[in-house]
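Accompanying notes for the structure given below.
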Amino acid sequence: MWDINKILFPLDLDFKEGNTKMVRYLKAIAERNQAEIHLLHVLPDPTEYYGFYAVNMNFSELSQSMHETALKKIQAFVDESSLSNMNVQIHVVSGRPTDEIINFAENRGMDVIMMGTHGRRGLEETFFGSVVRSVIKLSPVPVLTVNPLRH
């Protein structure tokens, strides 16, 4: 068994039920290892997200607003899921999810990435599942996946 001192948990703010169910696994591993938990949410780059339709948008204000909203949602998640008494750090970045998750894990010395699978089917699975699959394929550190909707 390897030492787990830092756990990266990429947080999908649209997957509240799964995030909530993943907490029991996250807490168990973190408590057993006295590990830091790093919650990471990746915002879409607004210039890529809005593209052609964003001719008159102020991207700086939009990015700041999205960042603040994400921080509030993550803090609410921490408070609701009894993680507030643990060593939790919150991070919000913009970019492509797979790239940002991999870069964060490498640059911050994460020991494991813990991700929930969505259990989605069809087109949703193709899009959302591709992040998990890509992280598994490209990650320099072990990736632990759980389908929280089945466990």
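Under numbering that gives the first Met the number 0, the first residue of the sequence shown carries the number 0, and numbering increases by one thereafter. Every residue, glycine too, gets a C-beta built ideally from N, C-alpha and C.
Exposure label - residue i; buried when at least 16 CB within 10 Å
i: N84; result: exposed
i: T116; result: buried
i: A75; result: exposed
i: E16; result: exposed
i: E123; result: For E123, the predicted model reports a pLDDT of 48, less than 50, meaning its position is unreliable; a value from the coordinates is still stated below. Exposed: under 16 other Cβ atoms inside 10 Å.
i: N106; result: exposed
i: A27; result: exposed
Cβ distance (whole Å) where residue i is taken to contact residue j below 8 angstroms
i: V92; j: L38; result: With 8 angstroms as the limit, V92 and L38 do not qualify as a contact, their Cβ atoms being about 12 angstroms apart.
i: N57; j: A34; result: Not quite, the Cβ-Cβ distance comes to about 40 angstroms (not below 8 angstroms), so this is no contact.
i: T97; j: L70; result: Going by Cβ atoms, the distance from T97 to L70 rounds to 22 angstroms, so no, they are not a contact pair.
i: T144; j: S80; result: Not confirmed; about 19 angstroms, so no contact.
Top-ranked residue by Cα proximity to residue i, from the options
i: L42; options: V145, A34, I73, D2; result: I73
i: D44; options: A27, H66, R23, N32; result: H66
i: N32; options: V111, P9, S64; result: V111
i: M113; options: E30, I135, V77, H90; result: I135
i: V77; options: L10, E60, P139; result: L10
i: N146; options: I101, L25, R95; result: L25
i: H40; options: V130, E60, P141; result: V130
i: L12; options: E60, T68, L61; result: T68
i: D2; options: L82, E30, F8, R23; result: E30
i: G108; options: R23, V140, I89; result: V140
i: I100; options: R23, V142, V22; result: V142
i: I6; options: V22, I36, M21, R23; result: I36
i: V22; options: G94, R132, L82; result: L82
CB contact check: residue i to chain C, cutoff 8 angstroms
i: V131; result: Note that chain C does not occur in the displayed structure, where there is just one protein chain.
Entirely enclosed alpha helix (DSSP H) segments - the region 3-35, minimum 4 residues: 15-32
Any beta strand (DSSP E) of 3 or more consecutive residues that is wholly inside the region 67-107: 87-93
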